[in-house]
Structures are given as C-alpha cells and as structure tokens.
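Residue numbers (my numbering), protein chains in the order written: chain A, 1 to 149; chain B, 1001 to 1149; chain C, 2001 to 2090; chain D, 3001 to 3090.
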C-alpha cells in the first residue's frame, strides 16, 4: 500500500499529499516529516551527496513501511528519499502517514523517519565550502530513537 | 514568528512549506500534521461546521505557538485552522514546525496539535446524511494527550 | 478603569448559543455578582433557555476578556464574558 | 541451488568503496570461508586498501543478498555481499 520512491529529483509535497488522500474520506489525520540539507554556522555544508545501495534500498524501505502498517492502522503512507548531490536547503526525505486518528498518524511518521535513519542503506557525504569532504558519522542518538519503537 | 491564520478557505500545503522554509538553510527537519474531516462507516458525516470565537481565536493560538517556541528551538511554525462548513475529506487544520533537528520538529508538531485540540476556541458540529446533527463532544483522550506536555 | 455602569457583554457559543437562543447579550453587572460563578447563577435564572444552557455547569467553559477563566475569576463592568462547551477544534 | 563454482559479488559503499578503491568485485568463495566474518578476514588480506577498509570491523556493516547480515551469517557461492558503514540517510 505504501508509495516508495528513491529518486534524484525533488518531490512535490502538495502533490504527494493529494495522491495519498485522493478518494479517501476515512482519514482523520496525516502526519508528515521532511528532512532537509542543513547548513551549519561553523562549517557550512555546500553540498551533500547521498549514496545508496540500489538493489537493496526500496526493499529495505518496504520492510520499514510494512512494519509501520503492522503496528498502526494506516490508511496510506509515502516515503520518498532523494539520492545524488543536494545543496543546503534542499529536501532530502519525505514521510507521510495517514490514519483515522491523529496519534497513529503522528507516531507512524516518527517511527518511519527513525527507522529510515538507521535501517535503510543510504550514506551522506558532506562537502564543505573550503573543499573538505567527509562521510557523515552515524549518531548514537539515532540508534536510540530507532530503538524506542 | 509563527504564521497563524483562521480562515474559511482551504490552504495550499506546498505553498505553506515553501513560505516556512524560504531563505532558510539552517532547517534540518519540518514536522507537519494535517487534520481532515473523517467520514465514519456507521454514521457518515456529510458536513462538519467549525464555529469559533473570533475575538479570542488567534490570540489563543498565538499563546500555544509562543509556548512551543519556548519549549523547542524552532526556526518557524505555522498554524492554519479552517472555520465554517466543511465536507468529508476536506482539510481542517495544518500545523508545521521547522527546527535544526528532527526530534524538536516532530515533538513541537505533536504538541501544537494536542494543545490546539484542547486550548483553542473552536467547536465542531456534525451533520449526518440522515439530517441529524450534533455537537462533537470533547474527548478525555485529547485532554490526556494535551496534559503529556 | 472601565465605567462602573458599563454593561457586560455576554457571548454564547455552540450548544450554549442554541439553548439560550442568543449569541450575544448585554447586561448590567448585577449588584451582588462579582465572579464568573455568581454570574452563571444569575444568568441561569433569566429564562428556561438559559437554565437549560447552564444545567450542567461542569460542561460549561468560560473566557473573560478572551482569556480562559474559572468560576472564581472576578468580573468587572465592561467585561466580555463568553460561555461555551469544552473546545473540539483541531 | 546456486552453482557451487558461482563467484561471490562483493560490493563496497561510502568510505569502504573509497578505501578499497572499488565499488564491486567478483571473487570465488574461498575454500575455507563459510561466514561473513571469515570473508572479511580473507578480504582484508587482499590489499592495503582492503586492510584499511576493514581495520575497524565494528564500524563495518554487511548485507547478504540485500538483507542485513551479521559476522556469523553463512555465505554461499553466488551470493551478493555488500559492505558499508552504519547508514546515515533520512
């Protein structure tokens, strides 16, 4: 039931909401999270490159949305994750979860992004304005967030 | 800092995201919640009418967004609440919260909708397909959700 | 300081509006009324509709000058006092 | 059942790709290797780049046939085995 896309192009948030809810009158709430490329005051990121494991990525995301659909009564969910080079301010990821009641929609949204952060095969490389580049390190806080569920 | 609107017209989700994030490169995540008019399988809602207390509504919402901005480092937030007659499937409310980190964005989004449900002067009247009408009763679960924060 | 003769503006919303049959009325502050709770008792005696609106006082919420208020909140001449059920927006 | 002579496809991502200097290589399943952990030890001896990629094995994650795997996961001829750092998407 989930819509999953891994793509270089940006996504159209309004169009994704419209597609998720089209023809539904049983939805009471839609949760959403959008992750964006954040510049840092000390070390401005000029670009972020998202690498992934193409043969595995969509399967891994589908495993995560399947789990969300098992845990909550969802009426639909959407995960779009961009790959390739992205500038500061650009969108990285869109998560949408629709349910009859808001708590399920909000919890599923938080669950989906927490698990995407720790269980989908993407890697971020930051390139800074001064020419330096480094792979983003995984954060313990992300593991802890994913382990809450 | 918050954008607050109480209006009869629908809102444009994509445009609201764009307005919230325009010119920002310090945002890492945006949380969003949209509430919609839900039909019920047993007693389909044909229309919902949202009444409010015009002199108080925006002030009450500003009190809620101020509280969110005190509790989390937000880079912006938006609350749009519709009033008047709405059909099943229509949007009722939009909440957006932008922050450097996703947990603040997600928590502030949940806080804003929980408090809106219990602290902003709106009242819903349901009209059913069979002509019956009734004021929606406040839910203990909503009070409990608001009291978590 | 408001004029001590300024009337109260009383607003009713949702089913309180339907039961009282009015969305707004202007009344002088009764001589022996100084709190929201006292005003409710006074208003409930105005008409059968008012009595019906206030029959379950635990189901009624109040705002004084657009701020949520409690039965013990003091009221003054010229205040805008709104009565309504627990809110159900969002 | 895969051909017992089918080579393994080894994939490297992120800094493992940079350190090994390759994104993909095809190797026969070594005779004495039956698990991911055994394969890592064998690969680490292939070149200085490979050694550098696997120097901190706790920092390396693995998938066998596109499913996350552990050091004790068994491998078979023809498997696709990917090595990468902890993921950082989202």
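Yeah, the Cβ is synthetic: ideal placement off N, Cα and C, and Gly gets one too.
Straight-line Cα distance separating residue j from residue i
i, j, result
"residue 1130 of chain B", "residue 109 of chain A", "36 Å"
"residue 107 of chain A", "residue 117 of chain A", "16 Å"
"residue 3035 of chain D", "residue 3027 of chain D", "15 Å"
"residue 2042 of chain C", "residue 2086 of chain C", "21 Å"
"residue 3136 of chain D", "residue 1046 of chain B", "One cannot answer for residue 3136 of chain D here, as it falls past the ends of chain D, which runs 3001 to 3090."
"residue 19 of chain A", "residue 1090 of chain B", "14 Å"
"residue 34 of chain A", "residue 128 of chain A", "23 Å"
"residue 3046 of chain D", "residue 3090 of chain D", "34 Å"
"residue 2060 of chain C", "residue 120 of chain A", "51 Å"
"residue 1112 of chain B", "residue 1065 of chain B", "7 Å"
"residue 2020 of chain C", "residue 2032 of chain C", "22 Å"
"residue 3048 of chain D", "residue 1148 of chain B", "55 Å"
"residue 1082 of chain B", "residue 2055 of chain C", "31 Å"
"residue 1028 of chain B", "residue 38 of chain A", "5 Å"
"residue 3009 of chain D", "residue 3062 of chain D", "13 Å"
"residue 1032 of chain B", "residue 3038 of chain D", "47 Å"
"residue 1093 of chain B", "residue 3073 of chain D", "49 Å"
"residue 2005 of chain C", "residue 2025 of chain C", "16 Å"
"residue 80 of chain A", "residue 95 of chain A", "7 Å"
"residue 1135 of chain B", "residue 122 of chain A", "49 Å"
"residue 11 of chain A", "residue 1013 of chain B", "13 Å"
"residue 2053 of chain C", "residue 2011 of chain C", "12 Å"
"residue 1059 of chain B", "residue 3064 of chain D", "57 Å"
"residue 2078 of chain C", "residue 2003 of chain C", "7 Å"
"residue 63 of chain A", "residue 71 of chain A", "13 Å"
"residue 101 of chain A", "residue 2044 of chain C", "37 Å"
"residue 2075 of chain C", "residue 30 of chain A", "42 Å"
"residue 105 of chain A", "residue 23 of chain A", "18 Å"
"residue 1017 of chain B", "residue 17 of chain A", "12 Å"
Closest Cα partner of residue i within the set the options
i, options, result
"residue 3040 of chain D", "D:3089, D:3088, D:3084 and D:3090", "D:3084"
"residue 2082 of chain C", "C:2055, C:2004 and C:2070", "C:2070"
"residue 1036 of chain B", "B:1029, B:1007 and B:1087", "B:1087"
"residue 3018 of chain D", "D:3051, D:3075 and D:3072", "D:3051"
"residue 1061 of chain B", "B:1002, B:1039 and B:1125", "B:1002"
"residue 3023 of chain D", "D:3030, D:3029 and D:3015", "D:3015"
"residue 1052 of chain B", "B:1144, B:1124, B:1146 and B:1142", "B:1124"
"residue 3058 of chain D", "A:138, A:147 and A:149", "A:138"
"residue 160 of chain A", "A:135, A:68, A:79 and A:28", "What is shown of chain A runs 1 to 149, which leaves residue 160 of chain A out entirely."
"residue 144 of chain A", "A:134, A:115, A:26 and A:77", "A:115"
"residue 1006 of chain B", "B:1084, B:1140 and B:1096", "B:1084"
"residue 132 of chain A", "A:48, A:82 and A:122", "A:48"
"residue 1015 of chain B", "B:1104, B:1078 and B:1055", "B:1078"
"residue 26 of chain A", "A:56, A:74 and A:126", "A:74"
"residue 1055 of chain B", "C:2003, C:2080 and C:2007", "C:2080"
"residue 76 of chain A", "A:59, A:57, A:99 and A:8", "A:99"
"residue 1008 of chain B", "B:1040, B:1126, B:1140 and B:1050", "B:1050"
"residue 1141 of chain B", "A:23, A:21, A:4 and A:103", "A:103"
For residue i: DSSP bridge partner residues
i, result
"residue 2026 of chain C", "C:2009"
"residue 5 of chain A", "A:80"
"residue 135 of chain A", "A:125"
"residue 2074 of chain C", "C:2035"
Boundaries of the alpha helix (DSSP H) in which residue i is found, first to last residue
i, result
"residue 3018 of chain D", "3014-3020"
"residue 3052 of chain D", "3048-3053"
"residue 1142 of chain B", "1140-1147"
Residue range of the unbroken beta strand (DSSP E) whose run includes residue i
i, result
"residue 2069 of chain C", "2067-2069"
"residue 2064 of chain C", "2061-2064"
"residue 2042 of chain C", "Counting along the chain, residue 2042 of chain C falls outside any beta strand (DSSP E), though it belongs to the alpha helix (DSSP H) covering 2036-2044."
"residue 3082 of chain D", "3080-3084"
- Whole runs of the alpha helix (DSSP H) within the region 1015-1080 of chain B, excluding any shorter than 4 residues: Assignment of alpha helix (DSSP H) within the region 1015-1080 of chain B, counting only whole runs of 4 or more residues, yields 1054-1071 in chain order.
- What residue ranges within the region 83-111 of chain A form continuous beta strand (DSSP E) runs of no fewer than 3 residues, ordered along the chain? Here the runs fully enclosed are 84-87 and 91-99.
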